[in-house]
Structure formats: C-alpha cells, structure tokens
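Report on the structure given below.
There are 2 protein chains.
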Amino acid sequence: MTQRFKITVEYDGGPFVGWQRQPNGPSVQQALEEAVTALSGEEPFVQGAGRTDSGVHALAQVAHFDLEKEIASDALQGALNHHLKAWPVSVVLVEAVSEEFHARFSATGRAYLYRILNRRAQPALDEGRVWWVPIKLDAERMQEAAQVLVGHHDFSSFRAAECQANSPVKTLDRLDVTRQGDEIAVIAEARSFLHHQVRNMVGSLKLVGQGRWSAARLKKALEARDRTAAGPTAPAEGLYLTRVTYD
Amino acid sequence: MTQRFKITVEYDGGPFVGWQRQPNGPSVQQALEEAVTALSGEEPFVQGAGRTDSGVHALAQVAHFDLEKEIASDALQGALNHHLKAWPVSVVLVEAVSEEFHARFSATGRAYLYRILNRRAQPALDEGRVWWVPIKLDAERMQEAAQVLVGHHDFSSFRAAECQANSPVKTLDRLDVTRQGDEIAVIAEARSFLHHQVRNMVGSLKLVGQGRWSAARLKKALEARDRTAAGPTAPAEGLYLTRVTYD
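Residue numbers (my numbering), protein chains in the order written: chain A, 61 to 307; chain B, 61 to 307.
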C-alpha cells in the first residue's frame with residue numbers, strides 16, 4: 061500500500077535550470093527525486109504545483125509523491141533534508157495526505173513575490189535575490205497602474221511564446237506594488253498564471269515606474285493581446301513562489 | 061587640499077577575514093582601499109566605525125577616508141562600486157564631510173541584528189545569512205531574560221579574550237528578541253560593544269530559549285564577570301551591523 065506525501069519546499073533557484081527535470085542541467089525536481097530514491101530505494105515522480113523557471117526561487121513550492129516504504133512524516137522530512145544537503149533546497153514541511161490530493165490540480169491559488177532593489181548601489185547581500193534597478197522608480201505610480209491588470213482578462217500580451225496553457229484568459233486576483241526603503245515588492249495572486257506572466261507584468265510596471273509608460277499605455281498593452289505590445293521580461297532572480305493554496 | 065568622505069557600506073561577510081586588513085585573507089577594508097586607489101591613484105587608510113569579525117555582515121558599516129583628487133560624492137560612489145564588482149561589497153552612500161568627522165571616534169551608537177532561523181529544516185535561501193537552530197526556542201522567554209543584560213554592567217562574561225577595549229564596562233541600551241514565523245531577531249544597541257559581545261550574549265540567550273537556562277542563571281553569568289560562566293559564542297553568519305549613529 062502506498063502513502064501520498066505533500067511536501068512544502070524552499071529553494072534558491074540560482075543553480076537550477078528550473079523546477080522541471082531537463083537534460084541540460086540540474087533541476088529542483090531531480091534533486092528531490094534523487095533524495096526520495098536515496099532514502100527509500102523507490103523512484104516516484106515528484107509532482108510540483110507549478111514549474112518555476114530557471115533562476116526563480118521558492119519560499120513554499122508544494123509537491124507530492126507516493127511511497128511504499130512506511131515512514132512517519134517527521135522522519136521523512138529529516139531524511140529528505142539529509143539527502144538534499146548538496147543543494148540549496150530545504151523541505152520545510154511534510155504531510156501525509158490522501159491519494160486524492162494532487163499538488164498541481166488540487167491547487168486553488170498561487171502567490172508570487174517579485175523583489176526590486178531600487179537604489180544606485182548594486183546589491184551586496186541580495187545579489188541573485190533581487191532585480192537591481194538603479195534608476196529611480198515611482199512605486200505609487202506602479203501600484204496605481206497595476207490595478208489595470210487585476211481581474212479577468214486575456215493576458216496574451218504577458219504570455220511567453222512557449223506557454224502551454226490552453227487559454228490566455230486568467231483572473232488576476234491581486235497585483236500590489238509597495239516600497240519599503242530601497243526595496244519595491246510586487247505581490248501577485250491568482251488561481252494560476254501563464255508562463256512568464258508575473259515577470260512580464262513586472263517588466264511593464266518598471267516602465268511605468270520610471271515614467272516612460274502611463275497606466276493608459278499599460279491598459280493598451282493588455283488590450284493588444286500581443287506579447288510585442290508589452291514591456292520586456294523582468295529577470296528570474298527577483299521572483300519567488302511564496303504560496304500555493306488548497307481548499 | 062584634501063577632502064574627507066564618509067561612506068556607508070553594505071557587505072556579505074562570508075568571503076572575508078573580517079573588516080580589518082590581515083595577512084591571511086581578503087578583508088572588506090582592503091577591498092575598499094584598493095577601489096579607492098584604482099579610481100584615484102591615492103592610497104588613503106579607510107577607517108571603519110568598527111571592526112566586524114570574519115563572516116559578520118553589514119547593512120550599513122560606516123567608514124571615512126581623505127582624497128586629494130577632486131571628485132563629487134555621486135561620481136565617487138559610482139567609481140567605488142564599479143571597482144568593487146568582484147566583491148560582495150556595495151557603497152550605498154557617499155557624503156563629503158569636514159575633517160573633524162571620524163568614523164570610529166565620532167560614532168555615538170551602534171546597532172546590530174542577529175538572525176536565528178528556528179525550524180527543523182536547514183536554510184535554503186538564507187544559507188550563510190542566519191544561525192540555523194533546529195531545536196525549538198521560546199523567544200518570549202529569551203526577550204524576558206535579555207532585559208537582565210540591559211543597562212550599565214561589567215560585561216567581562218561576554219567578552220572575547222582578544223578584546224582590546226580599555227574597560228569591560230559598557231552600557232547596553234537595548235536587547236530585544238522577537239519572533240516572526242520561523243525567524244528570531246535579536247536587536248542590540250549600545251554606544252559601543254566589546255569584542256564578540258553580541259554573539260556571546262546571543263549564545264547565552266539561546267540556552268534560555270531552549271529552556272536550559274533561566275533569566276536568573278543569565279544574571280548569574282553576567283555577575284560572574286568570567287567568560288567561562290556564560291554560554292558559547294553564536295556563529296558569525298547570523299550577525300549584521302545595521303547602523304552607526306553620529307550626532
């Protein structure tokens with residue numbers, strides 16, 4: 061009899077090609093699958109809630125897998141973390157769940173944080189953890205314009221060419237921009253996102269922050285339903301998957 | 061004619077032997093002095109407000125130096141940061157000051173933050189930036205006991221053997237312990253500190269947090285005026301110099 065486990069995982073995306081296993085480099089999924097195999101001898105598929113891109117971080121990615129080995133959640137967490145020591149990946153929570161739980165399909169919400177370091181001086185402590193933007197950004201202006209994107213829209217203008225979603229129509233529940241000292245935080249919440257959607261929205265909001273775009277221009281970009289109408293993609297290093305919600 | 065400059069510096073202490081130049085490895089002071097020389101051809105001594113130990117970080121260390129080269133503060137900041145790119149050191153502010161300003165002797169206060177990650181799972185994103193303590197600590201108990209140390213005391217029990225201060229008597233203005241989620245922050249403020257004082261106080265507070273020591277036991281350690289009566293030294297990687305105050 062197998063037991064399904066739900067795990068909550070923190071990682072530094074820097075050294076990885078992303079969440080998903082790929083032939084061209086180490087992935088978070090592979091690191092986790094190898095840790096599971098090392099402790100159990102089994103080779104389950106570790107299913108993530110979402111595929112973070114290369115360089116994208118997670119405070120609380122969620123995944124699930126099935127084990128035949130009988131093991132308590134606490135012991136499983138300790139063993140996973142022991143076998144993950146070579147990687148900047150840490151399993152912060154392990155829960156035994158019913159086999160109806162699916163990390164991806166049961167998820168009802170996802171939250172991301174995008175961190176911008178907005179000061180003249182480059183980051184010393186947060187190198188690789190923020191997007192460094194040395195030109196002054198107006199966070200209030202960004203916050204006001206961001207509300208244009210909140211709601212039920214066709215987000216084709218903010219969708220990567222490789223996006224595999226069936227539809228470009230999504231409901232964006234929250235897009236908040238706040239400044240604290242030199243740091244600007246963008247918080248995005250939705251049931252699900254298109255590929256690169258958060259980074260593409262942030263790339264356009266940055267144009268608003270530096271005064272090159274108005275909120276009306278951002279609205280026009282959304283309505284164009286054309287990737288070339290919107291701003292560039294913000295770098296991966298500022299993005300964090302912070303929460304996956306289940307009912 | 062020379063001009064004195066006050067600089068505010070952020071750094072990751074990880075790759076350094078500490079603030080001060082030493083023959084056994086790279087120091088923050090050396091990185092800064094070499095950057096000054098690269099941009100000016102001059103070889104001034106860069107005087108820091110305090111000497112952080114190997115591995116200790118700074119959000120806002122303060123230093124000063126004199127230059128004969130005529131250069132505006134903004135241009136100096138840009139040039140310093142350009143020449144510091146090889147190091148996790150960033151000059152966040154440059155101010156032209158009178159020659160009466162002295163980074164060390166004019167300072168009237170110093171503030172430190174000590175970060176403890178208190179959860180079972182090792183840090184993934186904050187590796188090298190926090191002290192990971194997997195056993196549960198009671199932050200409220202730590203906060204209560206910490207108040208024993210606040211005030212004017214002989215801190216010999218929390219002083220490193222190599223400390224060069226004239227007197228072990230200091231006034232600790234603030235020692236606050238707070239928990240936010242899995243992280244415990246200890247904030248310490250004083251006019252000045254003894255060598256290792258913050259790390260030694262944190263090492264003892266950790267014993268209080270895990271229930272091994274009472275506040276009374278901590279008071280006894282203070283009153284013993286003997287380093288061996290107090291707890292072990294907390295690791296450098298959790299410590300940040302966060303502020304130096306001038307009148």
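All C-beta atoms, glycine included, are put in the ideal place defined by N, C-alpha and C. The model shown is predicted, which means the values in this text are computed figures rather than measured ones.
Which of helix, strand or coil DSSP assigns to residue i
i, result
"K196(A)", "coil"
"L99(A)", "helix"
"T293(A)", "coil"
"G78(A)", "strand"
"Q224(A)", "coil"
"V106(B)", "coil"
"L92(A)", "helix"
"T288(B)", "helix"
"G263(A)", "helix"
"R189(B)", "coil"
"R277(B)", "helix"
Residues sharing a beta bridge with residue i, DSSP
i, result
"L299(B)", "Y174(B)"
"G271(A)", "For G271(A), which the question treats as bridged, DSSP gives no partner whatsoever."
"T305(A)", "G169(A)"
"G211(A)", "L232(A)"
"Q203(B)", "Its beta-bridge partners do not exist; DSSP assigns none."
"D72(B)", "Paired residue(s): none; D72(B) is not in a bridge."
"R64(B)", "D126(B) and V157(B)"
"G85(B)", "Q82(B)"
"A118(A)", "Y71(A) and L301(A)"
Sequence-distant residues of its chain with Cβ nearer than 7 Å to residue i (five each side left out)
i, result
"G298(B)", "Y174, R175, I176, V190 and W191"
"T302(B)", "L119, A120, A171, Y172 and L173"
"E128(A)", "T62 and E102"
"G263(B)", "G291, P292, T293 and A294"
"S252(A)", "R170 and K230"
Same chain, Cβ closer than 8 Å to residue i, neighbours up to 5 away in sequence not counted
i, result
"S274(A)", "A205 and V268"
"R164(B)", "Q107, G108, A109 and G110"
"Y300(B)", "V116, H117, A118, L119, Y172, L173, Y174 and R175"
"P104(B)", "E93, V96, F125, D126 and L127"
"S150(B)", "V69, E70, Y71, N141 and L144"
Same chain, Cβ closer than 6 Å to residue i, neighbours up to 5 away in sequence not counted
i, result
"R81(A)", "S87, Q89 and Q90"
"V157(A)", "R64 and K66"
"A139(A)", "L99"
"D214(A)", "P228, V229 and R285"
"G85(A)", "V77"
"R219(A)", "P228 and L254"
"D233(A)", "E249 and A250"
"V304(B)", "A109, V122, A167 and R170"
"L136(B)", "V154"
"L235(B)", "A206, L209, V210 and A248"
What are the complete beta strand (DSSP E) segments, minimum 3 residues, inside the region 226-261 of chain B? 229-240 and 243-250
Ignoring anything shorter than 3 residues or poking outside the region 124-185 of chain A, list the beta strand (DSSP E) runs there in chain order.
149-157 and 167-177
| task | Name, going along the chain, the residues of the region 148-176 of chain B whose beta-carbon falls closer than 9 Å to a beta-carbon of chain A. | result | P148, V149, S150, V151, V152 and L153
Contact set between the region 175-191 of chain B and chain A, restricted to residues whose Cβ is under 8 Å from the partner: R179, R180, A181, Q182, P183, A184, L185, E187 and R189
| message | Along the region 106-122 of chain B, where does the CB come closer than 8 Å to a CB of chain A? Name the residues. | response | Within the region 106-122 of chain B, the residues whose Cβ lies closer than 8 Å to some Cβ of chain A are H117 and L119, listed in chain order.
Using a beta-carbon distance cut-off of less than 7 Å, what residues from the region 120-145 of chain B approach chain A? Q137 and N141
Please list, in chain order, the residues of the region 69-93 of chain B that have any C-beta partner in chain A closer than 9 Å. For chain A, the residues of the region 69-93 of chain B that bring a beta carbon within less than 9 Å of one of its beta carbons are V69, E70, Y71 and D72, in chain order.
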